[in-house]
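Number of protein chains: 4
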Amino acid sequence: MIIELKSDVNDAQANKLAKELLAIYMNRGDQKLIVTSSKMKGVESHYEGMIEAIHVFDSDIQLASRDFSKSTIPVKVGEVTVGGNSSNTLLIAGPCSVESEEQIEDTARFMKSIGITALRGGCFKPRTSPYSFQGLGEEGLKLMASMREKYNLSIVTEIRDATHADMVIDYTDVIQIGAKTMYDHGVLRKAGKSQKPVLLKRGFGTTLQEFVQAAEFILSGGNPNVMLCERGIRTFETKTRFTLDLCGVAYLKEYTNLPVILDPSHAMGHAYGVPDVTRACTAMGIDGLIIEVHPDPSVARSDAAQQLDFSTFGALYNSLKPIAEAVGRKIV
Amino acid sequence: MIIELKSDVNDAQANKLAKELLAIYMNRGDQKLIVTSSKMKGVESHYEGMIEAIHVFDSDIQLASRDFSKSTIPVKVGEVTVGGNSSNTLLIAGPCSVESEEQIEDTARFMKSIGITALRGGCFKPRTSPYSFQGLGEEGLKLMASMREKYNLSIVTEIRDATHADMVIDYTDVIQIGAKTMYDHGVLRKAGKSQKPVLLKRGFGTTLQEFVQAAEFILSGGNPNVMLCERGIRTFETKTRFTLDLCGVAYLKEYTNLPVILDPSHAMGHAYGVPDVTRACTAMGIDGLIIEVHPDPSVARSDAAQQLDFSTFGALYNSLKPIAEAVGRKIV
Amino acid sequence: MIIELKSDVNDAQANKLAKELLAIYMNRGDQKLIVTSSKMKGVESHYEGMIEAIHVFDSDIQLASRDFSKSTIPVKVGEVTVGGNSSNTLLIAGPCSVESEEQIEDTARFMKSIGITALRGGCFKPRTSPYSFQGLGEEGLKLMASMREKYNLSIVTEIRDATHADMVIDYTDVIQIGAKTMYDHGVLRKAGKSQKPVLLKRGFGTTLQEFVQAAEFILSGGNPNVMLCERGIRTFETKTRFTLDLCGVAYLKEYTNLPVILDPSHAMGHAYGVPDVTRACTAMGIDGLIIEVHPDPSVARSDAAQQLDFSTFGALYNSLKPIAEAVGRKIV
Amino acid sequence: MIIELKSDVNDAQANKLAKELLAIYMNRGDQKLIVTSSKMKGVESHYEGMIEAIHVFDSDIQLASRDFSKSTIPVKVGEVTVGGNSSNTLLIAGPCSVESEEQIEDTARFMKSIGITALRGGCFKPRTSPYSFQGLGEEGLKLMASMREKYNLSIVTEIRDATHADMVIDYTDVIQIGAKTMYDHGVLRKAGKSQKPVLLKRGFGTTLQEFVQAAEFILSGGNPNVMLCERGIRTFETKTRFTLDLCGVAYLKEYTNLPVILDPSHAMGHAYGVPDVTRACTAMGIDGLIIEVHPDPSVARSDAAQQLDFSTFGALYNSLKPIAEAVGRKIV
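Residue numbers (this note's numbering), protein chains in the order written: chain G, 575 to 906; chain Z, 575 to 906; chain W, 575 to 906; chain A, 575 to 906.
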């Protein structure tokens with residue numbers, strides 16, 4: 575249940591009420607909200623004087639629910655708005671991992687040259703084996719930051735765990751929380767205390783309900799700038815790396831108010847299928863795409879099979895424009 | 575292994591060789607083929623005089639493999655070709671079940687009026703409960719056949735099991751084999767003896783490997799006119815009915831030579847998401863779509879939640895044209 | 575809803591009522607039942623004179639529900655009863671496929687020698703590839719029948735599809751319906767018309783709800799002798815062939831009244847794990863086990879990896895007895 | 575590849591070699607090991623003088639592989655050894671969450687009275703919703719520690735994320751890493767630096783390969799005391815909370831050298847099925863069980879549906895003894 579408080583209720587009163595209801599109080603400036611468990615369906619009558627409106631929900635998808643906000647919330651990534659009144663589909667691209675200055679600068683330069691505004695690149699890699707490349711760490715973050723300065727790109731990089739969350743939040747423009755990290759309360763709470771946009775990926779074993787509830791941790795922590803990213807779920811099919819859940823995307827568009835970003839690279843896991851699947855994603859009418867691109871995928875230190883080379887990515891980028899247009903969207 | 579025989583080898587010789595190799599002999603008119611298990615990688619030297627060429631495979635996807643036929647095979651549905659040199663995306667539409675003459679005629683008339691050429695409608699329904707509507711049976715087939723006569727539509731209807739397979743094959747233009755029937759050897763073998771086009775759906779628990787191998791039953795039985803239909807797989811996600819596997823579609827396009835048809839209705843299971851998902855499918859550059867449409871979904875006797883009404887379907891149909899065009903395809 | 579009719583209602587009256595309710599009428603001798611859709615929760619008052627009792631259900635699991643019959647129904651396999659008042663755990667064993675007279679006779683003789691009473695052996699194999707061994711067909715059925723005569727064993731063999739269902743039902747003692755066939759209405763209806771015990775396997779992509787509903791086809795067709803067989807479901811894990819669902823077995827024991835048989839061989843898919851998993855199954859307190867055993871697994875024409883040799887099986891059999899005893903059961 | 579170094583190689587030399595091979599050096603006292611990626615299959619000849627033995631692997635399951643250590647490694651939990659030469663099945667029991675002093679003390683007293691030696695109880699709960707009970711935090715840890723003092727029980731409690739990992743490690747006897755935390759590098763690395771036993775749970779969307787690789791993070795970090803815990807994976811079946819993967823357990827027993835603990839409570843998710851499934855687990859011949867027990871499950875603040883009351887748990891405990899004995903094990 576979300577209780578909108580009257581504007582004359584002060585923080586002390588609000589906090590007292592929240593405590594009584596075992597609930598979370600959020601002062602959003604223009605809105606003062608108390609969010610309780612969704613099992614609570616109303617308040618005792620003596621509180622009514624403090625209350626502007628009450629929103630009741632059938633699950634703990636509350637702040638993210640389209641029943642709470644009819645329109646998709648706007649999130650600013652650099653100078654680009656996704657969601658809100660925009661009809662933008664933001665294209666984020668770059669390598670899986672930052673590997674060297676040359677590699678990331680080649681990529682940044684190419685992205686800039688074709689009009690891309692947001693550069694991805696992982697520095698703390700959540701690898702499944704301790705014996706493979708773990709990322710460049712802070713050295714990678716510095717390289718990403720210098721690409722932002724040199725090429726005026728928004729940078730998107732991933733927090734692996736809470737031990738370096740503050741550092742990543744400090745350097746990055748978009749806080750990426752990956753599929754393996756999305757249940758990490760330490761990370762979710764830190765992202766909730768920032769105001770930077772968050773790209774929250776769905777875990778590959780995560781239901782849509784749990785996924786959006788993870789977003790609620792960030793939203794209720796005080797950061798309204800959350801984008802949901804579907805990147806493929808794990809199924810019995812192994813010819814492809816994961817199974818991109820576009821039916822689930824239709825659900826997210828219908829029932830939540832957060833922008834939706836799609837990651838066809840991790841879902842497909844093989845470069846040959848990325849262009850077709852990316853075109854499919856674009857035709858869904860979504861708010862963004864994140865694609866893995868590498869100057870020379872054959873030597874990439876992680877995700878070599880699925881990264882596109884510049885030429886394939888350039889051709890793909892051009893092919894997306896008329897599709898986006900056909901569904902009333904614009905690739906930015 | 576597929577052995578292409580020299581044209582002067584006669585059927586008796588070919589059958590003798592097939593028997594020795596525990597293999598299947600197919601006289602395709604222009605080609606005489608022997609198909610062995612893929613575990614066999616060559617033949618003894620004394621057979622070489624009979625052999626034009628040998629194709630070796632790493633799995634039992636053989637006749638359907640793109641390594642055997644570089645281009646997608648053409649299949650004719652009425653006057654429309656899918657696959658081959660065409661760039662057609664065939665739109666098949668109609669109700670889940672034929673329920674009454676009025677219902678199917680309303681639908682047929684509407685489809686004709688907007689330019690649709692292929693009408694779906696189930697008569698033998700593979701329901702999961704014995705206590706729900708099981709379809710009109712032969713009465714339904716007669717209604718479908720009369721729609722073909724009156725409106726010049728190709729009709730697409732489903733075989734539920736081998737007990738009525740001959741009857742359905744006799745009436746229909748496209749033999750539909752559903753997700754629950756695709757392992758049914760009785761049905762696959764009967765479809766293999768026909769020359770009518772077959773729409774073979776992937777089971778919801780079926781790997782891509784098994785799915786294409788089911789097509790091999792039909793192909794090796796003598797019927798080259800097989801279309802593969804992805805309609806959603808069963809995963810842990812239950813907000814939607816199934817999970818449409820577009821990564822799997824990318825695999826099928828890359829590795830098989832059969833036309834690919836997509837069924838967004840069964841995957842999504844809820845009308846609200848069908849338009850977006852259908853647009854995504856179209857942008858994949860596929861050979862066809864099959865969509866459930868009903869004059870009044872709220873009273874449908876099966877799949878009520880997922881069928882589109884005429885107005886929604888008409889709008890969707892129009893929105894598909896520019897997307898198809900953007901990927902070099904034409905909706906027919 | 576199940577309506578128990580008064581004993582003086584005759585078949586004509588009962589059939590008339592069933593027709594009015596779009597329901598199924600069953601004269602079980604001691605009980606006259608009408609089974610409607612579970613959506614129906616009551617009847618109009620003028621029928622009340624015909625009605626002894628009404629059972630209302632929340633899903634189409636009705637005849638199989640423990641709310642309808644408090645105790646597990648008894649099913650006789652040869653001279654052995656499973657379910658009912660028995661505390662038997664019936665051990666069915668034998669090869670995946672009947673391959674030759676020598677192979678099946680070696681097996682039958684061994685089984686007899688250690689006290690096994692039920693012999694499995696497939697004759698019509700639902701293979702996923704047309705290029706692998708498809709079973710001996712009727713020749714295999716004859717071999718199985720002759721093992722019954724010679725060694726006084728109950729024989730258990732599988733129907734692949736409706737085209738040979740009558741033949742298999744004629745030869746066999748237990749009608750096995752496999753994981754790929756369990757949605758086959760042609761087969762389910764034929765099994766429903768027999769009185770022979772049916773071993774119905776769960777499909778690997780089938781929910782428990784659908785599985786028990788498939789049993790309802792047989793039960794409502796007139797055959798009360800249905801045993802449910804869990805044999806592993808398909809999940810994302812590929813180190814083992816399938817994932818045996820023992821939590822699901824706990825559900826079946828709690829909510830249905832049908833005996834439960836477990837198939838660890840197909841679930842595990844590798845001989846090394848079959849003994850441990852079989853012991854686990856036994857400790858669940860279930861009504862039967864079906865295990866694949868072959869005189870020489872290394873040369874088996876199907877499922878070679880998972881079949882046990884005689885020595886391993888003999889040792890396993892002995893190890894099961896104290897476990898069964900610990901849970902109040904007896905291996906028979 | 576694991577390189578066993580000769581005993582006269584000193585740490586400086588070993589570290590130098592490890593750096594050259596991009597590998598991890600571990601001085602285990604009795605063994606000096608260098609662990610490289612499993613892609614590496616040998617070393618250049620000039621290193622040979624330093625090398626005692628080389629172990630090559632086909633995947634990054636290396637330190638945990640039964641090819642590296644033939645017998646299950648021993649892990650001490652309080653005074654109880656699991657694995658090694660013991661034939662113990664350790665029974666860990668207690669509530670999902672520590673809720674109050676009275677609740678945890680009632681439980682501890684009961685456990686002590688029936689002979690249980692290890693008490694579980696969560697203090698930092700990885701809930702999926704921010705609006706439900708998040709655990710008592712350090713207050714809970716203090717209560718657990720006081721139960722250890724008063725009742726001489728080993729305490730088992732969970733790290734939720736890296737922000738409080740040091741605190742939990744400090745208080746607890748067994749470091750529990752839950753299904754949602756098992757990819758958390760921050761937590762895995764901290765557990766690797768401790769010498770306390772670790773109970774590592776498999777994620778519900780995690781393959782066996784990834785699961786054991788997560789253990790490799792801890793092992794290669796320097797802590798050899800890792801126990802693997804299977805607690806159910808997420809599948810399409812929703813009648814039960816998860817699907818316990820006993821086939822996977824057979825794999826872990828065959829291919830890894832780590833003790834295996836099973837958690838039937840989370841897998842089943844409903845108290846009615848926990849006893850049967852626990853008995854099944856016991857018959858697998860495993861090293862431990864972890865069961866949720868609460869003085870009054872109906873008022874539990876988390877996992878209310880699946881916790882057993884004292885009376886049910888006591889009866890279950892007694893029923894396990896003869897099953898364990900039947901498979902050569904002893905419940906401790």
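The beta carbon of each residue, even a glycine, is placed where N, CA and C say it ideally should be.
Fair warning: this is a prediction, and the values are worked out from it, not measured in the lab.
- Nearest to G/T610 by alpha-carbon distance, out of G/A627, G/Q636, G/A586, is G/Q636.
- Closest option to A/L890, judged by alpha-carbon separation, among A/E790, A/L665, A/V654, A/M575: A/L665.
- Here A/G695 is not near A/R734, since their CB atoms are 9 Å or more apart.
- Note on Z/V834: 16 or more other CB atoms within 10 angstroms of its CB, so buried under the neighbour-count rule.
- Within chain W, the C-beta atoms nearer than 8 Å to that of A/G859 come from D850, R853, in chain order.
- With fewer than 16 other Cβ atoms from the protein chains shown falling within 10 Å of its own Cβ, A/Q769 counts as exposed.
- Excluding the 5 residues flanking it on each side, W/G779 has same chain C-beta neighbours closer than 8 Å at I807, R808, in chain order.
- In this structure, W/F887 and W/A667 form a Cβ contact; the two beta carbons are roughly 7 Å apart against a cut-off of 8 Å.
- Rounded to the nearest whole angstrom, the C-alpha separation of G/R903 and W/P704 is 47 Å.
- The segment 849-858 of chain W makes no contact with the segment 867-884 of chain A: fewer than 3 CB pairs, one atom from each, lie closer than 8 Å.
- Contact annotation: in the segment 795-829 of chain G, residues whose CB is within less than 8 Å of a CB in chain W are R808, T809, F810, T812.
- Within the segment 835-891 of chain Z, the runs of alpha helix (DSSP H) at least 4 residues long that lie entirely inside it are, in chain order, 838-842, 848-857.
- According to the DSSP secondary-structure assignment, W/R602 is paired through a beta bridge with no residue.
- A straight-line Cα-Cα distance of about 8 Å links A/H868 and A/Q677.
- Around the beta carbon of Z/D740, a 10 Å sphere encloses fewer than 16 other beta carbons of the protein chains shown; the residue is thus reported as exposed.
- In the DSSP annotation of this structure, W/R694 is not part of any alpha helix (DSSP H); the continuous beta strand (DSSP E) holding it starts and ends at 692-694.
- Within the segment 738-763 of chain W, the complete alpha helix (DSSP H) segments of 4 residues or longer fall at 739-745, listed in chain order.
- Following the DSSP letters along the chain, one finds G/G714 inside the alpha helix (DSSP H) bounded by residues 712-725.
- For W/F684, same chain residues with a beta-carbon under 7 Å away, outside a window of 5 residues either side, are F884 in chain order.
- Around the beta carbon of A/N726, a 10 Å sphere encloses fewer than 16 other beta carbons of the protein chains shown; the residue is thus reported as exposed.
- W/K904 sits in a strand when the DSSP states are folded into three classes.
- Residue range 654-656 is occupied by the beta strand (DSSP E) that includes Z/V656.
- C-alpha of G/F791 to C-alpha of G/T781: approximately 16 Å in a straight line.
- For the options Z/N584, Z/I897, Z/Y829, Z/G616, the alpha carbon positioned closest to that of Z/T646 is the one of Z/Y829.
- Interface flag for A/G657 against chain Z is unset, since no Cβ pair is found closer than 9 Å.
- Only exposed fits Z/R602, as fewer than 16 other CB atoms lie within 10 angstroms of its CB.
- When the alpha-carbon of G/M575 is set against those of G/E626, G/L607, G/S612, the nearest one is in G/S612.
- Sequence-distant partners of W/A592 (beyond 5 residues in either direction) whose C-beta falls short of 8 Å from its own C-beta, in its chain, are I598, Y599, I608.
- In the three-state reduction of the DSSP assignment, G/K590 falls in the helix class, which pools H, G and I.
- The secondary-structure analysis by DSSP pairs Z/D819 across a beta bridge with G/D819.
- For A/A627, the enclosing beta strand (DSSP E) begins and ends at 625-629.
- Look at the segment 865-898 of chain G: the residues with a C-beta under 8 Å from a C-beta of chain Z are S893, P896, I897.
- A/D604 sits exposed, since fewer than 16 C-beta atoms from the chains shown fall within 10 Å of its C-beta.
- Around the Cβ of W/H840, a 10 Å sphere holds 16 or more other Cβ atoms; the residue is buried.
- Judged by DSSP in its simplified three-state form, A/A667 adopts strand.
- In the DSSP assignment, W/T731 falls outside any alpha helix (DSSP H) and lies within the beta strand (DSSP E) extending over 728-733.
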